[in-house]
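Q:
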Amino acid sequence: MTASDGRIDTRDWALLAALSVLWGGSFFFNGVVLRELPPFTLVLLRVLLAAMILLPVLCAQRLPFPKGWIGWRPFFLVALFNNVLPFSLIVTGQIYIPSGLASILNATTPLFTVAVMALAGEEKLIIRRVAGVIVGLAGVVILRGGGLGFAGGQGLGVLLCLAAALSYGISALIARRALSDSPPLATTTFQLMASSLMMSVVAGIFERPWQLPMPGAVTWFAVLGLAGLSTALAYIVFFQILRRSGATNVMLVTLLVPVTAILLGSLVLGEQISPREIAGALVIGSALLLIDGRVLKFPKRWLARARGR
């Protein structure tokens, strides 16, 4: 159940950190795969292979399949707004704007989710949470630095990436309302199966994957990492947090992903971490503490104890 004050417990903070690692690694995998495969084909392979990885696990646990269109409809809706639309919008948007600006626009997802959930009456509009998300977004801007490359003529790319962030917020609302009783493994697998069907149509129309040359071994390893870790496992964690802590809280992962990506670059690739990046990470950390809210109660508890002495 979601905490009424929007707080996140220790377990879900750990799950959010793990999810940020899984999704932060997707940028690396995407960069490798896009050297040999076009974007829609990449998305198709990502969701299709992830579904194939999870399907035997689902059958082993004897989880039932949805019955008829009524049973499948919420999974197709979540797949549309959580995979097909945002993945395609972001890929298209990056034709017009640089990846740094795209990552900042993606970090607006919690703001859109707060608005969507409040308008739908699903979660309370807590001022502390909104302020924390805004502070976190400022931290992402600091983290990415000034070289964002935003200039005239890039409005379409910005709108596409913002539409993707809104799409993620809508998907969280649909999943929260229609799939709250569905086990995370089932939700993930059926969503990916629905995404595979829709992306096969999109990729087939625009890129005709069957006519592309066979990619190399490195690309296939990256595709498997993208499908197995950054998609199959990541979405199981995602829907677990969604069920326990709510849609707004799970979308906080978009603030953590840039931090994770920089840490992975430092640990795996030996990249240097600049003072600006450290400052941005500290601001994001402060924002997450503000959103959680428990740290704000420490001064009140200290004063209460002091008065009681």
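Residue numbering for the sequence shown follows the working numbering, starting at 11 and increasing by one per position.
The C-beta atom is built at its ideal place from N, Cα and C for all residues, glycine as well.
As the structure is a prediction and not an experimental result, all values here were calculated from the model.
Could you check which residue in V267, A24, D19 has the C-alpha nearest to that of V151?
A: Ranking the options by Cα distance to V151, first place goes to V267.
Q: Output needed for S14: all residues of its chain with C-beta closer than 8 Å, excluding positions within five of it in sequence on either side, in chain order.
A: Note on S14: pLDDT 43, under 50, position unreliable in the model; no value is reported.
Q: Roughly how many angstroms lie between the CA atoms of P76 and V94, to the nearest whole one?
A: Taking the straight line from one Cα to the other gives about 20 Å.
Q: For D191, which three-state DSSP category applies?
A: Correct three-state label for D191: coil.
Q: Any chance the segment 30 to 40 sits against the segment 198 to 207, with 3 or more Cβ pairs inside 8 Å?
A: Output reads no: the segment 198 to 207 does not touch the segment 30 to 40.
Q: Check whether the segment 95 to 102 touches the segment 280 to 295, counting contact only when three or more Cβ pairs, one atom from each stretch, lie closer than 8 Å.
A: No: the two stretches stay apart, fewer than three of their Cβ pairs being nearer than 8 Å.
Q: Suppose you measure from the CA of A291 to the CA of L299; what does that come to, to the nearest Å?
A: So the alpha carbons of these two residues sit roughly 12 Å apart.
Q: With burial defined as no fewer than 16 other Cβ atoms inside 10 Å of the residue's Cβ, what is the status of A227: buried or exposed?
A: Counting Cβ neighbours within 10 Å, A227 comes out exposed, since fewer than 16 surround it.
Q: What's the C-alpha gap between I144 and S296?
A: Taking the straight line from one Cα to the other gives about 11 Å.
Q: What would DSSP say about L54, mapped onto helix, strand or coil?
A: Three-state result, L54: helix.
Q: I'd like to know if the segment 40 to 50 and the segment 217 to 225 are in contact, where contact means that at least 3 CB-CB pairs between them fall below 8 Å.
A: Flag = yes, the segment 40 to 50 and the segment 217 to 225 touch.
Q: Is it the case that the Cβ atoms of V43 and L236 are separated by a distance below 9 Å?
A: A contact, by the Cβ cut-off of 9 Å.
Q: Kindly indicate the opening and closing residues of the alpha helix (DSSP H) around W79.
A: Taken as a continuous stretch (DSSP letters only), the alpha helix (DSSP H) holding W79 covers 78 to 89.
Q: Return yes when the Cβ of V233 is within less than 9 Å of the Cβ of L55, no when it is not.
A: Contact flag set, yes.
Q: For P120 and G256, I'd like the C-alpha separation in whole angstroms.
A: So the alpha carbons of these two residues sit roughly 11 Å apart.
Q: When you compare only the Cα positions, how much space is there between V124 and I80?
A: Each residue's alpha carbon lies about 28 Å from the other.
Q: By a C-beta neighbour count over all protein chains shown, 10 Å radius and 16 as the cutoff for buried, is M224 buried or exposed?
A: M224 comes out exposed.
Q: Where does C171 land, buried or exposed, given buried means 16+ other C-beta within 10 angstroms?
A: Counting Cβ neighbours within 10 Å, C171 comes out buried, since at least 16 surround it.
Q: Taking only three categories from DSSP, how would you classify Q164?
A: Residue state, collapsed to three classes: coil.
Q: Using a Cβ-Cβ cut-off of 6 Å (strictly less than) and excluding sequence neighbours within five positions of Q201, which residues of its own chain qualify?
A: The answer, listed in chain order, is F85, V88, A89.
Q: To the nearest angstrom, report how far apart L176 and M261 are at their CA atoms.
A: Each residue's alpha carbon lies about 11 Å from the other.
Q: Can you check the segment 208 to 272 for any beta strand (DSSP E) of at least 3 residues that lies completely inside it and give the ranges in chain order?
A: Complete beta strand (DSSP E) runs here, min 3: none at all.
Q: What does a CB cutoff of less than 7 Å around A24 pick up in its chain, not counting 5 residues either side in sequence?
A: Within the same chain, A24 has no close Cβ partners at all.
Q: How would you write the range of the alpha helix (DSSP H) that L121 sits in, first residue to last?
A: Looking at the DSSP string, the run of the alpha helix (DSSP H) that includes L121 is 119 to 129.
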